[in-house]
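Worksheet: one structure, shown below.
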Amino acid sequence: MPVDLAVVPVAGRGTRMLPITKSQPKEMLAVGTKPVVQYVAEELEQSGVRRMVLVTGPGKTAIENHFDIDAGLIAALRENGQESLLNKLAFERMQLEYIYMRQRRQLGLGHAILCARPVVVEQPFVVALGDSIIGVHAESKIVAQMTELFEQQEADGVIAFERVPRSEVVHYGIADVGAERDNYFELADLVEKPGVDEAPSDLAVAARYVFKAELFDYLEKTGAGKGNEIQLTDAISMWIRDGGRVLGVQLDASEPRFDIGNFPSYFRAFFEFAACDPEHGEEFRSFARSYLDEAEG
Ligand code: G1P
């Protein structure tokens, strides 16, 4: 059975990005011409996902509004002779079913995923973090590759990783790499946000996962960890210690991960997406060139 269900946690408060996240979900921040979560939905759809369970929380209704079909707006564009803008709303017609669950208490990423259990029940599923884009303009097929490996290897889980500078391991789940195969590796363990000196590698979890539903049993048993939150990483680590087989794949250099959870990385993402924009990119690049020449000259 193909994996066609994804859980997309979008409940986090985005405190690292205050004040812009005070009344606006970080998943709705613009990167180029679209909000982050739209790239995530588009990426998932082209990887074969057909149902998306968005786990929301307080202040996140803008996400639900964004994915609704806005008949009033469509009619207004037609009446005002602005039909040419209708293609900007084409994403409303993606082959996706949207299911919204609510995390009623902010107890961490692991707990947010557990909130989706009543919908997922027993089937394997993808987890895609709603604040990360993979590849410029989200053309990545990494999730399709991961679900294929997951099925072919009959694994319990597959996780995407990206190499990060040693100083950044403190922000991510970090792989303890076991046996290495051609295009994947066995995960010996996973550590959430280790210190630079304790990190078992520089391979950081890159916001995309595939799991068997058994993950929920481990999430249920996971107590508060780093930051006093129920961590997905801790549940995976417990599962591996219990004999679970979790595999790691590395993102290709051509599809970097854009983390929209902190300002330096958000600025880089916006810049790169603006510079690559098919409609406005050329003008932006020429502006950026003259701006930098002037600033340096
Ligand atoms: C979460 C996970 C972490 C992962 C990161 C990026 O951290 O807990 O393991 O590496 O997402 O995908 P957060 O960004 O929520 O602090």
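Heads up, our numbering is the position in the sequence shown plus 341, with the first residue counted as 1. Glycine residues also receive a C-beta, built at the ideal position from the N, C-alpha and C atoms. Here the structure is a predicted model, which means the values were calculated and not measured.
- Per the C-alpha coordinates, the member of Arg626, Leu633, Met369 and Thr574 positioned closest to Ala547 is Thr574.
- Between the ligand G1P and the CB of Gln365, the shortest heavy atom gap is not smaller than 8 Å.
- Judged by DSSP secondary structure, Tyr525 falls outside any beta strand (DSSP E); it is assigned neither H nor E.
- Annotation note: the region 397-426 contains the following uninterrupted alpha helix (DSSP H) runs of length 4 or greater, listed N- to C-terminal: 402-408 and 412-420.
- Counting of Cβ neighbours within 10 angstroms places Gly451 among the buried residues, the total reaching 16 or more.
- Ile515 has Val532 and Ala545 as its beta-bridge partners, per DSSP.
- Residue side-chain check: Ala545 places its Cβ nearer than 8 Å to a non-hydrogen atom of the ligand G1P.
- Annotation for Gln447 indicates a beta carbon at 8 Å or more from all heavy atoms of the ligand G1P.
- In this structure, the CA atom of Phe466 is about 24 Å from the CA atom of Pro366.
- Ranked by how close their Cα comes to the Cα of Lys363, the residues Val484, Glu480, Gly400 and Phe608 have Gly400 in first place.
- The closest CA to that of Gly355, considering only Ala453, Glu637, Glu368 and Glu384, is found on Glu368.
- Taking C-beta atoms as the reference points, Val499 and Gly589 count as a pair closer than 9 Å.
- Secondary structure of Gln591 (DSSP, three-state): strand.
- Annotation note: the region 431-509 contains the following uninterrupted alpha helix (DSSP H) runs of length 4 or greater, listed N- to C-terminal: 450-455, 458-461 and 483-494.
- Between Val587 and Asp497, the beta carbon gap of about 6 Å places them in contact (Cβ cut-off 8 Å).
- Note that the C-beta distance between Val390 and Asp345 is below 9 Å.
- Counting other Cβ atoms within 10 Å of its Cβ, Glu596 reaches 16 or more and is therefore classed as buried.
- The continuous alpha helix (DSSP H) containing Asp575 extends over residues Leu573 to Arg582.
- Shown here, Leu346 sits in a strand according to DSSP, grouped into three states.
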